[in-house]
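Asker: Below are the structure tokens for one structure; questions will follow.
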Amino acid sequence: MIRLPFPCRRTAQATVVLVACGLVAPPIGHAQTVNVPGGLPTHVNATYQEPGLGGWTPDTTGTAQATSGSGAVTQTATAGTSDSDALETLYQQSWGYAAAQNAEALGVNPSALAATCVVESGCQNLYTAGNGSTITGAFQMSNGTYSQTLGEALAADPSLASSITSGTAGQQDPATQAVAAAQYLKDAATSLQHSGISNPTALDARAYYNFGPSAGAEIATADDSSLMSSYISSTAMSGNNISSTTTVGQWRAAVAAKMGSAASSSILTG
0 MIRLPFPCRR
10 TAQATVVLVA
20 CGLVAPPIGH
30 AQTVNVPGGL
40 PTHVNATYQE
50 PGLGGWTPDT
60 TGTAQATSGS
70 GAVTQTATAG
80 TSDSDALETL
90 YQQSWGYAAA
100 QNAEALGVNP
110 SALAATCVVE
120 SGCQNLYTAG
130 NGSTITGAFQ
140 MSNGTYSQTL
150 GEALAADPSL
160 ASSITSGTAG
170 QQDPATQAVA
180 AAQYLKDAAT
190 SLQHSGISNP
200 TALDARAYYN
210 FGPSAGAEIA
220 TADDSSLMSS
230 YISSTAMSGN
240 NISSTTTVGQ
250 WRAAVAAKMG
260 SAASSSILTG
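Numbering that gives the first Met the number 0 puts the first residue of the sequence shown at 0, with every later residue one more than the last.
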């Protein structure tokens with residue numbers, strides 16, 4: 000028997016198995032190699048299923064690229080550089096660049112928009128309407144708020160009409176719902192400016208977006224030691240995993256942890 004200098008080993012490529020013994024290997028034809036484009040996420044993003052605060056952590060790795068019809072890269076964003084982690088998560092969605100572009104057309108910072116969708120749904124297009132509620136989509140908007148703010152956005156920039164899905168069907172089109180959400184953030188920023196916050200951030204506007212204009216302004220200007228129960232109903236608290244002893248400061252910290260670096264993003268670009 001001839002003894003080889005080292006034991007046999009198996010090497011796998013695609014569905015073809017190569018047995019290599021010593022320095023002798025049989026030739027292989029038609030080996031298959033799978034190439035993964037650099038612009039695609041390397042793994043599936045997790046989602047959390049309920050609105051409000053949960054235990055979800057956004058993906059902060061990889062590079063997102065936008066390409067033209069010819070395949071040329073027109074925009075690149077890498078997490079951990081000039082863009083927020085939330086914006087990176089938004090860009091990983093097929094509709095993310097359109098949402099960011101439309102937000103900018105309305106004078107809204109895309110990072111602030113991204114922070115909102117990360118907290119609401121992980122930037123996933125969830126269907127959560129039912130049981131008397133119309134709240135649904137990547138930005139978790141009710142039909143009433145969606146219709147009102149989308150109308151405001153189209154009045155401010157009629158050219159946006161060519162890039163949206165008309166009617167309430169747009170609620171399930173995240174790129175369209177993003178237009179309404181951006182306008183709602185713009186409304187929030189304007190309201191908070193009237194309340195004395197000169198440069199509202201995504202974190203400042205979170206209570207407005209989640210609990211409405213009145214409670215939103217009060218929470219945004221409240222002391223950290225104040226109780227959330229002083230501003231929102233018990234129903235709103237239970238629906239957002241907020242206990243009766245949760246302070247405004249604790250709530251802000253939880254939201255900021257969700258948003259990451261985008262929490263401090265100014266809402267308005269001008």
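Heads up, the beta-carbon is just placed ideally off N, CA and C, and yes, glycines get one too.
How many angstroms separate the CA atom of Ala177 from the CA atom of Ala102?
Answerer: Residue 177 sits at position 178 when you count from the first residue of the sequence shown. Residue 102 sits at position 103 when you count from the first residue of the sequence shown. Cα to Cα, Ala177 sits roughly 8 Å from Ala102.
Asker: When we look at the beta-carbon of Asn209 and count the other beta-carbons within 10 Å, is it buried (16 or more) or exposed?
Answerer: As a working note, residue 209 is residue 210 in the sequence shown. Per the 10 Å Cβ criterion, buried.
Asker: Verify whether the separation of the beta carbon atoms of Leu125 and Gln139 is less than 9 Å.
Answerer: Translated into the one-based positions of the sequence shown, residue 125 becomes position 126. Translated into the one-based positions of the sequence shown, residue 139 becomes position 140. Yes, the pair counts as a contact, with Cβ atoms nearer than the cut-off.
Asker: Measuring alpha carbon to alpha carbon, tell me which of Ser141, Ala113, Thr175 and Tyr96 ends up nearest Ser264.
Answerer: As a position in the sequence shown, residue 264 is number 265, starting the count at 1. Answer by Cα proximity: Ala113.
Asker: Measure the C-alpha to C-alpha separation of Thr234 and Ile241 and round it to an integer number of angstroms.
Answerer: Counted from its first residue, the sequence shown places residue 234 at position 235. Counted from its first residue, the sequence shown places residue 241 at position 242. Their Cα atoms are separated by approximately 10 Å.
Asker: Taking only runs of the alpha helix (DSSP H) that begin and end inside the region 167-242, which ones reach a length of at least 4 residues, in chain order?
Answerer: Here the runs fully enclosed are 173-193, 205-210, 212-219 and 233-238.
Asker: State yes or no: is the C-beta of Tyr145 within less than 9 Å of the C-beta of Gly131?
Answerer: Position 146 of the sequence shown holds residue 145. Position 132 of the sequence shown holds residue 131. Result no, Cβ atoms of Tyr145 and Gly131 do not sit closer than 9 Å.
Asker: List the whole-angstrom C-beta distance separating Ser228 from Ser243, where the pair is believed to meet the contact cut-off of C-beta under 8 Å.
Answerer: The residue you call residue 228 lines up with position 229 of the sequence shown. The residue you call residue 243 lines up with position 244 of the sequence shown. Ser228 to Ser243, Cβ: 5 Å. Contact.
Asker: Mind checking which residues open and close the alpha helix (DSSP H) that includes Ser157?
Answerer: Taking the first residue of the sequence shown as 1, we reach residue 157 at position 158. The residue you asked about is not Ser; residue 157 is Pro in the sequence shown. Here Pro157 belongs to no alpha helix (DSSP H), and DSSP marks it neither H nor E.
Asker: Where DSSP assigns a beta bridge to Thr135, which residues make up the other side?
Answerer: Position 136 of the sequence shown, counted from the start, is the residue given in the question as residue 135. BP columns for Thr135 point to Met140.
Asker: Spatial neighbours of Ser260 within its chain, please: C-beta separation below 7 Å, excluding the five flanking residues on both sides.
Answerer: As a working mapping, residue 260 is identified with position 261 in the sequence shown. Cβ within range, chain order: Ser83 and Asp84.
Asker: Verify whether the separation of the beta carbon atoms of Ala206 and Ala219 is less than 9 Å.
Answerer: Along the sequence shown, one-based indexing puts residue 206 at 207. Along the sequence shown, one-based indexing puts residue 219 at 220. Result yes, Cβ atoms of Ala206 and Ala219 sit closer than 9 Å.
Asker: Taking Cys128 as the reference, give the member of Ser224, Ala168, Pro199 and Leu105 with the closest Cα.
Answerer: Position 129 of the sequence shown, counted from the start, is the residue given in the question as residue 128. The sequence shown places Ala at residue 128, not Cys. Cα-wise, what sits closest to Ala128 is Ala168.
Asker: Can you give me the C-alpha to C-alpha distance between Glu151 and Gln182, rounded to a whole angstrom?
Answerer: Within the sequence shown, the letter at position 152 stands for residue 151. Within the sequence shown, the letter at position 183 stands for residue 182. When rounded, the distance between both Cα atoms is 7 Å.
Asker: Would you please state the rounded distance, in angstroms, between the beta carbons of Val247 and Ala216? I believe it to be under 8 Å.
Answerer: Mapped onto the sequence shown, residue 247 falls at position 248. Mapped onto the sequence shown, residue 216 falls at position 217. About 13 Å; that fails the 8 Å criterion.
Asker: Going straight from the alpha carbon of Pro199 to that of Gln192, what length do you get?
Answerer: As a working note, residue 199 is residue 200 in the sequence shown. As a working note, residue 192 is residue 193 in the sequence shown. When rounded, the distance between both Cα atoms is 7 Å.
Asker: Restricting to Cα atoms, I'd like to know which of Ser161, Gly143, Ala253 and Tyr90 is closest to Ala180.
Answerer: Walking along the sequence shown from the start, residue 180 turns up at place 181. Of the candidates Ser161, Gly143, Ala253 and Tyr90, the one whose C-alpha sits nearest the C-alpha of Ala180 is Gly143.
Asker: Just verifying my parser: in three-state terms, what is the DSSP assignment at Gly106?
Answerer: Residue mapping note: residue 106 aligns to position 107 of the sequence shown, counting from 1. The answer is coil: DSSP assigns Gly106 none of H, G, I, E or B.
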